[in-house]
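If you're matching positions, the sequence shown starts at 8 in my numbering and goes up one per residue. I have placed the structure first, in the form of C-alpha cells, so that the comments after it can refer back to it.
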Amino acid sequence: MALNLSNVLVQIEGAESKRSSALCSRLADQFEDDLLEYADFPSDYFMFFTALLSEHRYFEKPGIWNFILAVNNARDALTSQQLEGIGDTFLANFQDYLDADLSLAVCDFVARNIQPSRATQLLQALKQREVAKPKDVQGIVDQGFFILSQEIKRASHRAEE
Numbered sequence: 008m009a010l011n012l013s014n015v016l017v018q019i020e021g022a023e024s025k026r027s028s029a030l031c032s033r034l035a036d037q038f039e040d041d042l043l044e045y046a047d048f049p050s051d052y053f054m055f056f057t058a059l060l061s062e063h064r065y066f067e068k069p070g071i072w073n074f075i076l077a078v079n080n081a082r083d084a085l086t087s088q089q090l091e092g093i094g095d096t097f098l099a100n101f102q103d104y105l106d107a108d109l110s111l112a113v114c115d116f117v118a119r120n121i122q123p124s125r126a127t128q129l130l131q132a133l134k135q136r137e138v139a140k141p142k143d144v145q146g147i148v149d150q151g152f153f154i155l156s157q158e159i160k161r162a163s164h165r166a167e168e
C-alpha cells in the first residue's frame, strides 16, 4: 500500500520528540517498501524526501536519518539528476543538521552513492559548513571521508578480480 506522503509529513511534524525516532523508523520502513516497488524513483517520493531534508520542522525531528537509509537501499532507482538534487539539498542545509545521526547518514550517503570525485567535492563543501555547527556535531564529515576511502578501496579490489 502506497504511503500518503502528505499525511506522513503531518505525522512527522506533529510528533513529540520522544516518539519521533520510533515514528520515523516505522514510516521510513514503509517508505522504503514503497520505493522498492518502482524501477525508477518516483518524483513525488523524491520531492517528499528533499522536503524532509530541507525544512527545519522535519529535519529537526529525531529519526529523520532513517529516510536517508531507506533511499540508500533504493539508490539504484535514482537518476543522476536526482542524486545531484540530493547533494544540493545536503549542501544547502547541512550546517543546520544538529543531530549527529542525521549528519552521519548524510556523509555516509554521499560516500557510498556519489561518484568518488564528486563525493570528495561534496564532502569538502560539507566540511566547510560543519564549522558552523556546535562542537558536539563537528568531525562527522571526517567519517564520511573515511567511508569514501573504504568504498574506493573496495571498488579497486573488485576491479582487480
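In this text, a Cβ means the ideal position worked out from N, Cα and C, and glycines have one as well. Model, not experiment: these values are computed from the prediction.
- Inter-residue distance for K142 and S50 is about 36 Å (C-alpha atoms, whole angstroms).
- Burial is judged here by how many other beta carbons sit within 10 angstroms of a residue's own beta carbon; P123 has fewer than 16 and is exposed.
- Contact between the region 85 to 97 and the region 36 to 45 is absent: fewer than three C-beta pairs spanning the two stretches fall below 8 Å.
- When the five nearest sequence neighbours on each side are left out, the beta carbons in the same chain lying within less than 7 Å of the beta carbon of F38 are those of L10, F74 and A77, in order along the chain.
- DSSP places Q145 in the coil class of the three-state scheme, outside both helix and strand.
- The Cβ atoms of E158 and R119 lie closer than 8 Å to each other.
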